[in-house]
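Number of protein chains: 2
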Amino acid sequence: MPSAEERPVSPVERRVVERVRTGRPGDLVVRIHRPKFAGFRRAGPGRLEASAELERPRGPAGMLWRLLVGQPIPSALEHQERLSKKKALAVFSSDALSSVAYSPQEMLTVLLAAGTAALIWSLPLSFAIVLLLAIVVTSYRQTIYAYPSGGGSYIVARANLGETPGLVAAAALMVGYVLTVSVSIASAVDQFVSAVPLLLPFRVLLGILAVAMVTIANLRGIRESGNIFAAPTYVFLAAMYGLIAAGLALLASGQLVVPPPEYPAVEEGTEPLTPFLLLRAFAIGSAVMTGTEAISNGIPAFKPPESRNAARTLMAMGTILATMFLGLAVLFVSGPVIPSRDETVISQLARAVFGTGPLYYLVQASAVLILVLAANTAYADFPRLASLLARDNYAPHQLAFRGERLAFSNGIILLGIVSGLLIFLFGGSTGALLPLYAVSVFTAFTLSQAGMVQHWREVRGPLWHLKAVVNGIGATATGLVTVIAAVTNFMNPELPIVPGLPIGWGTWIVLLLVPALIALCKKIHRHYDEAALATALPAHPEVERPLKTVVVVPVAQLNRPTVLALRYAKTLSDDVTAVHVASDPATAEAIEKAWPEWGQGVPLTIIESPYRSLTGPLLQYLQELKRAQNADILTVVLPEYVPDAWWEHALHGQSAQFLKLALLFKPGYVVTSVPCHEEPAARNQPAPNPPPQR
Amino acid sequence: MPSAEERPVSPVERRVVERVRTGRPGDLVVRIHRPKFAGFRRAGPGRLEASAELERPRGPAGMLWRLLVGQPIPSALEHQERLSKKKALAVFSSDALSSVAYSPQEMLTVLLAAGTAALIWSLPLSFAIVLLLAIVVTSYRQTIYAYPSGGGSYIVARANLGETPGLVAAAALMVGYVLTVSVSIASAVDQFVSAVPLLLPFRVLLGILAVAMVTIANLRGIRESGNIFAAPTYVFLAAMYGLIAAGLALLASGQLVVPPPEYPAVEEGTEPLTPFLLLRAFAIGSAVMTGTEAISNGIPAFKPPESRNAARTLMAMGTILATMFLGLAVLFVSGPVIPSRDETVISQLARAVFGTGPLYYLVQASAVLILVLAANTAYADFPRLASLLARDNYAPHQLAFRGERLAFSNGIILLGIVSGLLIFLFGGSTGALLPLYAVSVFTAFTLSQAGMVQHWREVRGPLWHLKAVVNGIGATATGLVTVIAAVTNFMNPELPIVPGLPIGWGTWIVLLLVPALIALCKKIHRHYDEAALATALPAHPEVERPLKTVVVVPVAQLNRPTVLALRYAKTLSDDVTAVHVASDPATAEAIEKAWPEWGQGVPLTIIESPYRSLTGPLLQYLQELKRAQNADILTVVLPEYVPDAWWEHALHGQSAQFLKLALLFKPGYVVTSVPCHEEPAARNQPAPNPPPQR
């Protein structure tokens, strides 16, 4: 093995000898220096360190880059600033808190099918849901202490339960993030059109527009800083508590009157009040706790002591969510507020309490805003989970590079398209989307809690039995809700796929999607294992002779790009051939005639193609030439004209891509295209030996 | 200028000297031969001729090619066989003849809005339409003789009226071809569900499925041979004439009874019988002559004398169309057949005449079949027009290469998507699509006839005045129909875009699309002009020094593909540098340690990237290195792992594409990727000097 002394000298260390003539006769100054590498610092032999200034995009390519991917997207995890508890509450709770805007609404709608009298059942159901919330929060509190570097459902389930449960959690979370966007935006639209009934017919359109808006905002780079989140979240809290307080005061004085809606959300009393219906209402109401897991994902963003601060913030969030949910439940039942087809229950209540004045509009506006923020959180969570999966070889590696920002853009666009599509397919109906949301979120909850039980059994430590029991209760309760939500909305006949058929857009979609995603993840994982094996180096290199290469330049016409390609090809090898496939004899004749002047001394072969096809004869010629010359690698050098405007690219043959595709599966071919710009490349460069200056 | 003698020797002519040892001591046989180029015939110095066997795809790349593009798609123009008049009638008339399945239907529906009594007006309107048909056919007959090599509207309008009118015709034709598919398929579905009412709710779905089917059939390659067309067309003719004859016989004996439909197509008598309504019915009925221009496009496919045979076929088609249309009109009025929401008038009539028996099903099946064939014709016409436009620099050049079959596939997919979308947007309503169809087709008719008037004025010849008058009448009549169709259906309030708003999917779409397409064509044309100027060679070459190049191999990890890339890079230049951007210190250390053994003697530079970004530092390094080395062109050689299965490609970084995109707009960079297959490329090749055989 050669020693470090035999290391070849990197260009960073190479000295450049420059001969400068001052112009006076016989006066030649020789300067020796090492080239400067602007933007780098020398960090040792053959070592550079990139400086911070390289992070900002420069030049036209950089501008294109920025245009494509926008500003970098810092997630809360990467914040330079650590979040105070108050800011953290704002950053992490928009998803959870915004749920009160839709969960009670849809729970009441389910009950309404059994008649107005059944609405009273929402009160005991709400108490049950708050109990469940307490269990989930206590359970997640333990996760926060056990995984101080962030304990999302995927991490916890994978670490403790193994591959498949981890992937189930990941797939459920993926589906959940998509539904976070769909549900939050659909509900935001509901709140919006409640205040602006003129726009009622445009529900679906508004929803899709809103998704597009959030998607574009994220593509161009929206900063998830605490400041942006703080205001809307606290305004929403103030508005909600104000509404609840004023409502309760009115109720106490017997003045709370909510006029019944013109069009109730469903036909009243069409279904009997069965336990099945109550379970369905319970499952849908439970969706209020979607988003509670956000804090346990983002612990490193808290100020130290991170875990304690995160745990306290979680408790605060749980308390706020519970009181808001219960306060609203009492008012909805006392009103009673009957869910309407055209107006949300929050809007009805706010109108009854505040009248249609500025306070009413404040309530609605803050609800719309926090729902949009909730949707926005998924745009950070989805790529983050994808990069975790990629790091573990379960997703394409491209998603793992933080540096490759385009990967995030792909995730953002995918999220936007799928959630927009869901809004379209479900006719913008929050109620129909909610069961799917509940199923996916509670699946992840269950696996996360179950993983914690296993964690305690392995790690042990003080009071581990108790801790395992707490998480065990959490897992059981959330598991039960998952099953209830899945079963009671399996076929959702209220939203038929095809009018007249009893098969609707129900939770079966999730139950189909999750295994499909898992299978995909495993297939990807298997591929990466195989690829690593296939590309591994042997223990020691064999002595190998140098590769023998031959270079071919296909010539379609004689112009500047072709001449540049020929000149470039001559630098690659001494064995260069040009070839013209003649589908038109006149062109062939013109090229042959001009060749002695323009051919750069490269021999030209003309292939007459009586059948006018180009690819077939060219491929065959390349193959035969490679065989005849006994070459290891045949390089095809293609001229490529680069127009100034990006759209003009589409107008010039992608022949390099075609040829590359056609040759990709045959070993020993390399396809290179030489870009030719408006001005010849060579002229923009200083000549290697500048002429004497006078 | 060097003489032909100085021509460099092409590899085709080069002699290969092979030294073969027989194994006996001192025995060395030298063989001199010229390499064989299998699949080619030598056709002169430096000249090969491709043989026919190259036309069929071979090897895995060829299989992929075939998988992607299917069989070649011969259009009628390229047939080896010339068509007899009988076959030509079948090939070219499905579009025109199939129109009787929807035009009378929609004309009656428009009239029905003015009450059942208004239906009688369809008789005089039908006579007016037949008169118009006679004018159009006579007019096109002259085109056939004037343009024996094919006189489509675009060719005639461009040659005689200039650029913009030519493009108007082309754009109108493009839109027309899309609508040929939408209308024919929508009507085929109408005919189908008339016979199978069970499928009534799935109209839109069936339409989209049918479009998808025809699209896929065309992608995989459907032969447009006369044989496939002949049977359905003549069965349809027999079925229709049989229906008309039997119907007239029943009518004569007073036995024709058509029961009124349960749900009429529109509410009767909601509109007054105004001239506007009559004009609207007339415009919609005129759509019966869409497709009559097909024969004038395809003259070279006829047996000689081509023009005379084509003209006779056109007359035959016109006569058949007129008699079928009039025969049906008489029966519809006598029935009277009241258009229904759920059943076509043809189906109602056939049921009344034949009963719901085998003959009825034959009528419906033949109608469905000929409508699908009509849609299919657009799949040949659309790419043909696109290639004409590309040849004239008005469309991307990729569409012009007959050899590049992928171009056709793109056109076919585009056609399928847009026409499927139209069916979806218009709810599968033939009636709503028809006015758009009429406007686009009649626009093309008008420009073609107007072009012919100009043609006669320039060419003159015997009786040119008379010929000009004939075409002039044609242009005036079709122009009038265009205006009538556009105005009477401008806003089509019956199909509102948004429920409640009076703006519907009307002819304004066409009037918006056509100028947009023209603007696009002109922009493309301007670009090609500029590009030709920018890439043009000067009068004579300047003496240019050889290009100075430097080669860089970015190393992400040390594996088989990287080692191959390093070995390849060493063949390109003596100045090769490897560079590793270190986002992870452990990987960097491992690479540095293994470098002496595996680095192929190439110097390695390590760039520490504290911000974990890859692209920024790499791009900056390339730029600085190029500057420092004073290179004209810097070549980046990237290792590329090629997995066996195509889908696995998506799992490996497209870093070559990213880097190429980032460097594309800076002159002087070339990005090359070296494919590395499961087994090293070099091992599959015979060694250049085979070892002595014993």
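Chains A and B, in that order, give the protein sequences.
Its first residue numbered 782, the first sequence is counted upward by one per residue in the working numbering.
Its first residue numbered 782, the second sequence is counted upward by one per residue in the working numbering.
The C-beta atom is built at its ideal place from N, Cα and C for all residues, glycine as well.
What you are looking at is a predicted structure, and each value in this text was computed from that prediction instead of being measured.
Identify the contact partners of residue 1387 of chain B in chain A, using a Cβ-Cβ distance below 7 Å as the criterion. Position 606 of the second sequence, counted from the first residue, corresponds to residue 1387 of chain B. The contacting residues are 827, 828.
Considering only residues of the same chain and omitting the five flanking positions on each side of residue 1215 of chain B, which have a CB-CB separation below 8 Å? Walking along the second sequence from the start, residue 1215 of chain B turns up at place 434. Counting only Cβ-Cβ distances below 8 Å, and skipping sequence neighbours, we find 883, 884, 887, 964, 1065, 1068.
In terms of residue numbering, what span does the alpha helix (DSSP H) encompassing residue 1406 of chain B cover? As a position in the second sequence, residue 1406 of chain B is number 625, starting the count at 1. Run containing residue 1406 of chain B: 1396 to 1409, per the alpha helix (DSSP H) assignment.
State the DSSP-derived secondary structure class of residue 1291 of chain B, mapped to helix, strand or coil. Mapped onto the second sequence, residue 1291 of chain B falls at position 510. The answer is helix: DSSP assigns residue 1291 of chain B an H, G or I state.
Closer than 8 Å by beta-carbon distance: list the chain B residues that pair up with residue 1405 of chain A, in chain order. To locate residue 1405 of chain A, count along the first sequence from 1; it is residue 624. Here the neighbours are 816, 817, 818, 819, 820, 821.
Output yes if chain A places a C-beta closer than 8 Å to the C-beta of residue 765 of chain B; else output no. It is not possible to answer for residue 765 of chain B, since the shown part of chain B is limited to 782 through 1475.
Segment limits, beta strand (DSSP E) that includes residue 1456 of chain B: Start at 1 with the first residue of the second sequence, and residue 1456 of chain B comes out as number 675. Note, residue 1456 of chain B: beta strand (DSSP E), 1450 to 1457.
Going by the CB atoms, is the gap between residue 1228 of chain A and residue 1082 of chain A shorter than 8 Å? Residue mapping note: residue 1082 of chain A aligns to position 301 of the first sequence, counting from 1. Residue mapping note: residue 1228 of chain A aligns to position 447 of the first sequence, counting from 1. For residue 1082 of chain A and residue 1228 of chain A, no; Cβs fall outside 8 Å.
Could you have a look at residue 1268 of chain A and say whether DSSP puts it in helix, strand or coil? For the purposes of this step, residue 1268 of chain A is taken as the residue at position 487 of the first sequence. Residue state, collapsed to three classes: helix.
So with CB distances below 8 Å, who are the chain A contacts of residue 1040 of chain B? Here residue 1040 of chain B is taken as the residue at index 259 of the second sequence, counted from 1. Simply none; closest approach about 26 Å.
Check distances from the C-beta atoms of the segment 1411 to 1428 of chain A to those of chain B and list, in chain order, the residues that come in under 7 Å. 1411, 1413, 1414, 1422, 1423, 1424
With a Cβ-Cβ cutoff of 8 Å, do residue 1204 of chain A and residue 959 of chain A count as a contact? The count along the first sequence starts at 1 and reaches residue 1204 of chain A at position 423. The count along the first sequence starts at 1 and reaches residue 959 of chain A at position 178. The answer is no: Cβ separation not under 8 Å.
Helix, strand or coil, according to DSSP, for residue 1418 of chain B in the structure here? Locating residue 1418 of chain B in the second sequence gives position 637, counting from the first residue. Residue 1418 of chain B: strand per DSSP, three-state reduction.
Note down, one range per segment and in chain order, each alpha helix (DSSP H) of at least 4 residues found wholly within the segment 974 to 1059 of chain A. 984 to 1001, 1007 to 1033
Those residues which DSSP pairs with residue 1199 of chain B across a bridge: The sequence position of residue 1199 of chain B within the second sequence is 418, counting from 1. BP columns for residue 1199 of chain B are empty, so no partner.
So, does the segment 910 to 927 of chain A touch the segment 1118 to 1129 of chain A, judging by three or more C-beta pairs under 8 Å? These segments do not touch.
Look at the alpha carbon of residue 1270 of chain B and the alpha carbon of residue 1060 of chain B, and state the distance between them as a whole number of angstroms. Translated into positions along the second sequence, residue 1270 of chain B becomes position 489. Translated into positions along the second sequence, residue 1060 of chain B becomes position 279. Whole-angstrom Cα-Cα distance: 10 Å.
Output the boundary residues of the alpha helix (DSSP H) element that contains residue 1135 of chain A. One-based indexing of the first sequence puts residue 1135 of chain A at position 354. 1126 to 1135 is the extent of the alpha helix (DSSP H) around residue 1135 of chain A.
Within 8 Å, do at least three Cβ pairs link the segment 1017 to 1027 of chain B to the segment 1143 to 1155 of chain B? yes
Mind checking residue 1308 of chain A: buried by the 16 CB within 10 Å criterion, or exposed? Within the first sequence, the letter at position 527 stands for residue 1308 of chain A. Looking at its Cβ environment, which holds 16 or more other Cβ atoms inside 10 Å, residue 1308 of chain A is buried.
Any C-beta of chain A under 8 Å from that of residue 1312 of chain B: Translated into the one-based positions of the second sequence, residue 1312 of chain B becomes position 531. At least one chain A Cβ lies under 8 Å of residue 1312 of chain B.
Selected residue, minimal CA-CA separation from residue 1158 of chain A, among A:996, A:1181, A:1310, A:1382: Within the first sequence, residue 1158 of chain A is the residue found at index 377, counting from 1. Taking only the C-alpha atoms, the option nearest residue 1158 of chain A is A:996.
Go through its chain and collect everything with a Cβ distance to residue 1267 of chain A's Cβ below 7 Å, but skip five positions before and after it. Translated into positions along the first sequence, residue 1267 of chain A becomes position 486. Around residue 1267 of chain A: 1220, 1288, 1292.
List, in order along the chain, the chain B residues whose C-beta lies closer than 9 Å to that of residue 1351 of chain A? Taking the first sequence and counting its residues from 1, one reaches residue 1351 of chain A at position 570. The contacting residues are 1327, 1328.
Could you tell me which of A:1038, A:1410, A:1248, A:1233 sits nearest to residue 928 of chain A, measuring between CA atoms? By one-based count along the first sequence, residue 928 of chain A stands at place 147. Selected option, being the one with the closest Cα: A:1233.
Using DSSP bridges, identify the partner residues of residue 1306 of chain A. Stepping through the first sequence from its first residue, residue 1306 of chain A is reached at position 525. DSSP lists no partner for residue 1306 of chain A.
Nearest neighbour of residue 1022 of chain A, chosen from A:988, A:1127, A:1011 [CA to CA]: In the first sequence, the residue the question calls residue 1022 of chain A occupies position 241. Of the candidates A:988, A:1127, A:1011, the one whose C-alpha sits nearest the C-alpha of residue 1022 of chain A is A:1127.
Got a sec, what are the start and stop residues for the beta strand (DSSP E) residue 887 of chain B sits in? As a working note, residue 887 of chain B is residue 106 in the second sequence. That residue, residue 887 of chain B, is in no beta strand (DSSP E); its alpha helix (DSSP H) goes 884 to 893.
Classification of residue 876 of chain B by the beta-carbon crowding that lies within 10 angstroms, buried from 16 upward: Your numbering for residue 876 of chain B matches position 95 in the second sequence. It is buried - the Cβ of residue 876 of chain B has at least 16 other Cβ atoms within 10 Å.
Contacting residues, own chain, Cβ-Cβ under 7 Å from residue 1349 of chain A (five flanking each side not counted): Here residue 1349 of chain A is taken as the residue at index 568 of the first sequence, counted from 1. 1418, 1455.
Can you tell me whether residue 979 of chain A is buried or exposed? The criterion is at least 16 other CB atoms within 10 Å of its CB, across all chains shown. Here residue 979 of chain A refers to the residue found at position 198 when the first sequence is read from its first residue. Exposed is the call here.
Alpha carbon to alpha carbon, what distance is there between residue 828 of chain B and residue 1330 of chain B? Numbered from 1 along the second sequence, position 549 holds the residue referred to as residue 1330 of chain B. Numbered from 1 along the second sequence, position 47 holds the residue referred to as residue 828 of chain B. Each residue's Cα considered, the two are about 32 Å apart.
According to DSSP, is residue 1317 of chain B part of a helix, a strand, or is it coil? Residue mapping note: residue 1317 of chain B aligns to position 536 of the second sequence, counting from 1. Coil.
Contact with chain A by residue 1210 of chain B, beta-carbon distance below 8 Å: Along the second sequence, one-based indexing puts residue 1210 of chain B at 429. Chain A, which has no Cβ nearer than 8 Å to the Cβ of residue 1210 of chain B, makes this no.
Consult DSSP for residue 856 of chain B and reduce its assignment to one of helix, strand or coil. Counted from its first residue, the second sequence places residue 856 of chain B at position 75. Low confidence applies here, because residue 856 of chain B scores a pLDDT of 36, under 50, leaving its location unreliable; read the following figure in that light. DSSP places residue 856 of chain B in coil when its eight states are reduced to three.
Got a sec, what are the start and stop residues for the alpha helix (DSSP H) residue 1352 of chain B sits in? Stepping through the second sequence from its first residue, residue 1352 of chain B is reached at position 571. Residue 1352 of chain B -> alpha helix (DSSP H) spans 1341 to 1353.
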